[in-house]
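Q:
Residue numbers (the working numbering): 625 to 1142.
#1: Could you tell me which residues DSSP pairs with residue 689 in its beta bridges?
#2: Please tell me whether residue 962 and residue 1048 are closer than 8 Å, where the distance is taken between their beta carbons.
#3: Hey, how far is the Cα of residue 1064 from the Cα of residue 1017?
#4: Pair every Cβ in the segment 978-993 with every Cβ in the segment 1017-1035, then say whether three or more of these pairs are closer than 8 Å.
#5: Check whether the segment 929-943 touches the segment 881-890, counting contact only when three or more Cβ pairs, one atom from each stretch, lie closer than 8 Å.
#6: Using only CA atoms, which one of 815, 700, 1072 lies nearest to residue 675?
#7: Would residue 901 and residue 1126 be called neighbours here (beta carbons separated by less than 8 Å)?
#8: Whose C-beta lies closer than 7 Å to the C-beta of residue 754 among residues of the same chain, with five residues either side of it excluded?
#9: When the distance is taken between beta carbons, is residue 938 closer than 8 Å to residue 891?
#10: Would you mind giving the Cβ-Cβ distance between residue 688 and residue 751, rounded to the nearest angstrom? I have them listed as a contact below 8 Å.
#11: From the DSSP secondary-structure annotation, give me the bridge partner or partners of residue 1101.
#12: According to DSSP, is residue 842 part of a helix, a strand, or is it coil?
#13: State the beta-bridge partners of residue 907 as determined by DSSP.
#14: Could you check whether residue 1079 and residue 1050 sit closer than 8 Å to each other, using their CB atoms as the reference points?
#15: State the DSSP-derived secondary structure class of residue 1047, mapped to helix, strand or coil.
#16: Taking Cβ positions, are residue 1116 and residue 917 nearer each other than 8 Å?
#17: What are the residues that DSSP puts in a beta bridge with residue 653?
#18: Starting from the Cα of residue 764, find the closest Cα among 1001, 1094, 806, 713 and give me that residue.
#19: Mind reading off the beta-carbon distance from residue 770 to residue 798? Whole number of angstroms is fine, and I expect it under 8 Å.
#20: Put residue 1032 into one of helix, strand or coil per three-state DSSP.
#21: Select from 660, 908, 666 the residue whose C-alpha is nearest the C-alpha of residue 1109.
#22: What does the Cβ neighbour count give for residue 761, buried or exposed, with the cut at 16 atoms within 10 Å?
#23: Helix or strand or just coil, what does DSSP make of residue 825?
#24: Going by DSSP in three states, residue 809 sits in which element: helix, strand or coil?
#25: Could you give the DSSP three-state label for residue 760: helix, strand or coil?
#26: May I have a chain-ordered list of the alpha helix (DSSP H) segments no shorter than 4 residues that lie completely inside the segment 914-978?
#27: Pick out whichever of 968, 1044, 964, 949 has its Cα sitting closest to the Cα of residue 955.
#28: Can you check which of these residues, 950, 896, 911, 923, is closest to residue 904 by C-alpha distance?
#29: Which residues in the same chain have their Cβ closer than 7 Å to the Cβ of residue 841, if we skip the five residues on either side of it in sequence?
#30: DSSP beta-bridge partners for residue 646?
#31: Are the beta-carbon atoms of residue 1112 and residue 968 separated by less than 8 Å?
#32: What distance in whole Å lies between the Cβ atoms of residue 889 and residue 942, which are believed to be in contact at a cut-off of 8 Å?
#33: So, for residue 893: in the same chain, excluding its five sequence neighbours on each side, which residues have a beta-carbon less than 7 Å away from its beta-carbon?
#34: Do we get a CB-CB distance below 8 Å when we pair residue 1105 with the residues of chain B?
#35: Can you give me the C-alpha to C-alpha distance between residue 744 and residue 738, rounded to a whole angstrom?
#36: Work out the CA separation of residue 855 and residue 887 for me, nearest whole Å.
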């Protein structure tokens, strides 16, 4: 491998709170693919956003080809030969290939006239270099996803990029398209480019990586040659956290099945041909917490949204809710049937910013406070005060605007809103994201109470210790399919993460135990 293209030393970053990155270092050489690995929330994307000029305030130093730099914008980073290819494409489907590649930096002559022929010629040269058979004049949307991915790379090369960051580039690609991408990456390496590759997929990591750097909780863990880092050791580097006692929850004796799914399939909400979740079968019993584990693109979140009716009546397969057939039509229909969802985006989807604590709590159950069609505001406020006491919501008064509360109190308000509908099944997507330790403990206490009351819970959390300690069972997903089912006593981080990265249907416990659960 060649000379050092990039050095990032002692990078430290916060967002007016705890450190997101703490003294992190990273190096990229010419002609190598350097995989940046870690769990969700490890700090990978933040580090790359600093490199690409998105985050401009940070401590530490960056060197490109030996020269110190400090980027003030993405354009500044691009001028230094750094380009990022995001998981979600930045292409405009209705514009031509050439117009997309040179968008925002069109080639013009002295009088401002567009150099149409030159642009098309340069575009064709880039496509030929990457082995893409496409016309510069054709709309991007006419080509398959895999070809569009290569066009993103062509766009990066049009900046004369020598450092290319690829963030989960294969999430929407078929196997042949993935192989084509790897061929392009190999060609880039031969030409002296360096590729920073972010992926959760174990097979991909070992297929493409020359070196691997692991981040965990914003800290640098280590760098090793891929050939010298065994897969179990990589997983230990990525996980590496003991299960804290604060997460502990007493086991329960589950009751009767409340939610039963049989070969359920949820289409991709973005219209991609591969379903977001496919052939999912599971059972959640009264009082049971079933963890849904998976990395980005696993389909676990889409499964929750599909069950909640957020995508309408598009789900295939069979579902039973409280012993009766269940076909989710809309969120309102789901709430009426006894199924509630806590979104991972509490500000955008969980709460109505600008509305009071009272109105947020009662929003999903207004019929209970409106006999005869008239809202009984006094009754509503009394109920809100009681929920604030039960959930430990700290606010000066019940009419206080919810957006003035701390993150933890906003989250508890969103949970109170869910429970106000008296659900039999509760879908919790990242219930402790962005809250402090005290609020986490309050939420754990509440979850134990709901379990004791017979509510069935499906739980998604990116916190591995939280997942293991709170779940009675764990269902692991990878690319829309179940890859492992684990009892609480058998769940260990290495097995969960391996299955979440597509490492096969690793299971502990007998097949009879698994059949009994699902």
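Just so you know, even glycine gets a beta-carbon here, dropped at the ideal spot from N, CA and C.
A: Taking the structure as given:
#1: Mapped onto the chain shown, residue 689 falls at position 65. According to DSSP, residue 689 bridges with nothing at all.
#2: To locate residue 962, count along the chain shown from 1; it is residue 338. To locate residue 1048, count along the chain shown from 1; it is residue 424. Yes, these two residues count as a Cβ contact at 8 Å.
#3: The count along the chain shown starts at 1 and reaches residue 1064 at position 440. The count along the chain shown starts at 1 and reaches residue 1017 at position 393. C-alpha separation (whole angstroms): 13 Å.
#4: yes
#5: yes
#6: If you number the chain shown from 1, residue 675 lands on position 51. Cα-wise, what sits closest to residue 675 is 700.
#7: In the chain shown, residue 901 corresponds to position 277, counting from 1. In the chain shown, residue 1126 corresponds to position 502, counting from 1. No, these two residues do not count as a Cβ contact at 8 Å.
#8: Indexing the chain shown from 1 puts residue 754 at position 130. The residues are 774, 777, 778, 808.
#9: Here residue 891 corresponds to residue number 267 of the chain shown, with the count starting at 1. Here residue 938 corresponds to residue number 314 of the chain shown, with the count starting at 1. Their beta carbons are under 8 Å apart, which means residue 891 touches residue 938 by this criterion.
#10: As a working note, residue 688 is residue 64 in the chain shown. As a working note, residue 751 is residue 127 in the chain shown. With 8 Å as the limit, residue 688 and residue 751 do not qualify as a contact, their Cβ atoms being about 27 Å apart.
#11: Here residue 1101 refers to the residue found at position 477 when the chain shown is read from its first residue. According to DSSP, residue 1101 bridges with 1106.
#12: Within the chain shown, numbered from 1, the residue matching residue 842 stands at position 218. Looking at residue 842 - three-state DSSP - the assignment turns out to be coil, as it is neither helix nor strand.
#13: For the purposes of this step, residue 907 is taken as residue 283 along the chain shown, with counting starting at 1. Note: residue 907 sits in a beta bridge opposite 884.
#14: Counting from one through the chain shown, the residue named residue 1050 turns up at place 426. Counting from one through the chain shown, the residue named residue 1079 turns up at place 455. Yes, the Cβ-Cβ distance between residue 1050 and residue 1079 is below 8 Å.
#15: Taking the chain shown and counting its residues from 1, the one referred to as residue 1047 is at position 423. DSSP places residue 1047 in coil when its eight states are reduced to three.
#16: Translated into the one-based positions of the chain shown, residue 1116 becomes position 492. Translated into the one-based positions of the chain shown, residue 917 becomes position 293. Against a cut-off of 8 Å, the Cβ pair of residue 917 and residue 1116 comes out as no contact.
#17: What you label residue 653 is simply residue 29 of the chain shown in a count that begins at 1. Residue 653 pairs with 628.
#18: The sequence position of residue 764 within the chain shown is 140, counting from 1. Among 1001, 1094, 806, 713, the Cα nearest to that of residue 764 is on 713.
#19: Translated into the one-based positions of the chain shown, residue 770 becomes position 146. Translated into the one-based positions of the chain shown, residue 798 becomes position 174. Going by Cβ atoms, the distance from residue 770 to residue 798 rounds to 7 Å, so yes, they are a contact pair.
#20: For this step, residue 1032 is matched to residue 408 along the chain shown. Residue 1032: helix per DSSP, three-state reduction.
#21: Your numbering for residue 1109 matches position 485 in the chain shown. The shortest C-alpha separation from residue 1109 is found at 908.
#22: Within the chain shown, residue 761 is the residue found at index 137, counting from 1. Answer is exposed; the Cβ neighbour count stays below 16.
#23: Counting from one through the chain shown, the residue named residue 825 turns up at place 201. Here residue 825 sits in coil by DSSP.
#24: To locate residue 809, count along the chain shown from 1; it is residue 185. It is helical.
#25: Residue mapping note: residue 760 aligns to position 136 of the chain shown, counting from 1. In the structure shown, residue 760 sits in coil (DSSP, three-state: anything other than H, G, I, E or B).
#26: 924-931, 955-961
#27: Locating residue 955 in the chain shown gives position 331, counting from the first residue. Closest by alpha carbon: 964.
#28: Here residue 904 corresponds to residue number 280 of the chain shown, with the count starting at 1. Here the closest residue by C-alpha is 923.
#29: Here the question's residue 841 lines up with position 217 in the chain shown. If we look at residue 841 and ignore the five residues flanking it on each side, its Cβ neighbours are 666.
#30: For the purposes of this step, residue 646 is taken as the residue at position 22 of the chain shown. In the DSSP output, where bridge partners are listed per residue, residue 646 has 843.
#31: Working through the chain shown from its first residue, we reach residue 1112 at position 488. Working through the chain shown from its first residue, we reach residue 968 at position 344. Cβ distance not < 8 Å, so residue 1112 and residue 968 don't count as in contact.
#32: Locating residue 942 in the chain shown gives position 318, counting from the first residue. Locating residue 889 in the chain shown gives position 265, counting from the first residue. Not really, about 11 Å apart at Cβ, beyond 8 Å.
#33: Taking the chain shown and counting its residues from 1, the one referred to as residue 893 is at position 269. So the list reads 900, 926, 935, once near-sequence residues are dropped.
#34: Included in the structure is just one protein chain, with no chain B present.
#35: As a working mapping, residue 744 is identified with position 120 in the chain shown. As a working mapping, residue 738 is identified with position 114 in the chain shown. Roughly 11 Å between the two C-alpha positions.
#36: The residue given as residue 887 occupies position 263 in the chain shown. The residue given as residue 855 occupies position 231 in the chain shown. Cα-Cα distance, rounded: 31 Å.
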